[in-house]
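Letter by letter, the sequence shown follows residues -6 to 223 in our numbering. The block underneath contains the structure these notes are about, expressed in structure tokens.
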Amino acid sequence: MDDFSSDSDCTKYWIDWFLGAQGNEFFCEIDDEFLNDRFNMTGLNSEVQYYQYAMDLIMDTFERECDDPTREQIERSARHLYGLIHARYILTQRGLQKMLDKYKKGDFGVCPRVHCQRQPVLPIGLSDVPHSAPVKMFCMKCEDVYNPPSVRFASIDGAYFGTSFPFLLFQAYPHLIPNKTSPERFVPAIFGFKIHEHARLARWQESKRLELNKRLEQYEEEERRRKRAQ
Ligand SMILES: [Zn+2]
């Protein structure tokens, strides 16, 4: 460690190790700035055992001697804590940008549905509550949810990505919304299943469509009236 005395920003041992570990390919690197802001950590100390030690481990400032079982527990807590912070971080502008870069690189894989023509997918949680369900993949083209292509993601908690992340990303970058596979909004799939967010999104889209139709009708009515008045 002697070689890296002053520039702690450049070398993050724990985070680098975490991001490089098998199965963690969907995570992005959380900024120091975000990690150092206590406000961002609100409520997490009650979620994570050995919270402060876990935080120190993530920040490479953990310097306590402890026995192996304790050390192992702190390691586990650090991984859990990173995931919980990650879920918050990827909803920020900076986090969305980082996940967008990964999306563009195809780090999350592509939709298994043939008609989607290798549309890149995004990680999604079926719940925001930890330990509910492993991470799934969301395709914006068919608006469906799939299991990740490899079993190594089966132990990655969906809550580390959350239920609203893909929708926020497309809200922030609407030009990336792909053309839909089919005019029907939902095509039953053998791989996929409906989720709350999907249903909510469909409802939202439907209400927007009705709103737009109503506005168009009003506009046409006004046009007709104007023409009659002329
Ligand atoms: Zn698809």
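Beta carbons are placed, not taken as given, at the ideal position from N, Cα and C, and that holds for glycine. On a predicted model such as this, the values are computed, not experimentally measured, just so you know.
Could you please give me the residues that DSSP links to TYR139 through a beta bridge? Position 146 of the sequence shown, counting from 1, holds the residue named residue 139. Per DSSP, MET130.
Please report how far the alpha carbon of LEU169 lies from the alpha carbon of CYS104, in whole angstroms. Residue mapping note: residue 169 aligns to position 176 of the sequence shown, counting from 1. Residue mapping note: residue 104 aligns to position 111 of the sequence shown, counting from 1. Taking the straight line joining both Cα atoms gives about 15 Å.
Whose C-beta lies closer than 6 Å to the C-beta of ARG106 among residues of the same chain, with five residues either side of it excluded? On the sequence shown, position 113 is the one that residue 106 refers to. Excluding sequence neighbours, ARG106 sits near CYS135.
Any idea if PHE(-3) is buried or exposed, counting beta-carbon neighbours within 10 angstroms, 16 or more meaning buried? Residue numbering aside, residue -3 sits at position 4 when the sequence shown is read from its first letter. Note on PHE(-3): pLDDT 39, under 50, position unreliable in the model; no value is reported.
Per-residue burial, GLY102 [other beta carbons within 10 Å of its own, 16 or more giving buried]: Along the sequence shown, read from residue 1 onward, the residue named residue 102 stands at position 109. Buried, since its Cβ has 16 or more Cβ neighbours within 10 Å.
Taking the Cβ atom as the reference point for each residue, do PHE158 and ILE83 lie within a distance shorter than 8 Å? Stepping through the sequence shown from its first residue, residue 158 is reached at position 165. Stepping through the sequence shown from its first residue, residue 83 is reached at position 90. Yes. Within cutoff.
Confirm, please, whether the CB-CB distance from ASP150 to VAL128 is below 8 Å. Residue mapping note: residue 128 aligns to position 135 of the sequence shown, counting from 1. Residue mapping note: residue 150 aligns to position 157 of the sequence shown, counting from 1. It is a contact, given that the beta carbons lie within the stated cut-off.
Could you give the residue range of the alpha helix (DSSP H) that holds ILE78? Numbered from its first residue, the sequence shown carries residue 78 at position 85. 61 to 82 is the span of the alpha helix (DSSP H), which, as asked, contains ILE78.
Helix, strand or coil at PRO113 according to DSSP, with G and I counted as helix: Walking along the sequence shown from the start, residue 113 turns up at place 120. Looking at PRO113 - three-state DSSP - the assignment turns out to be strand.
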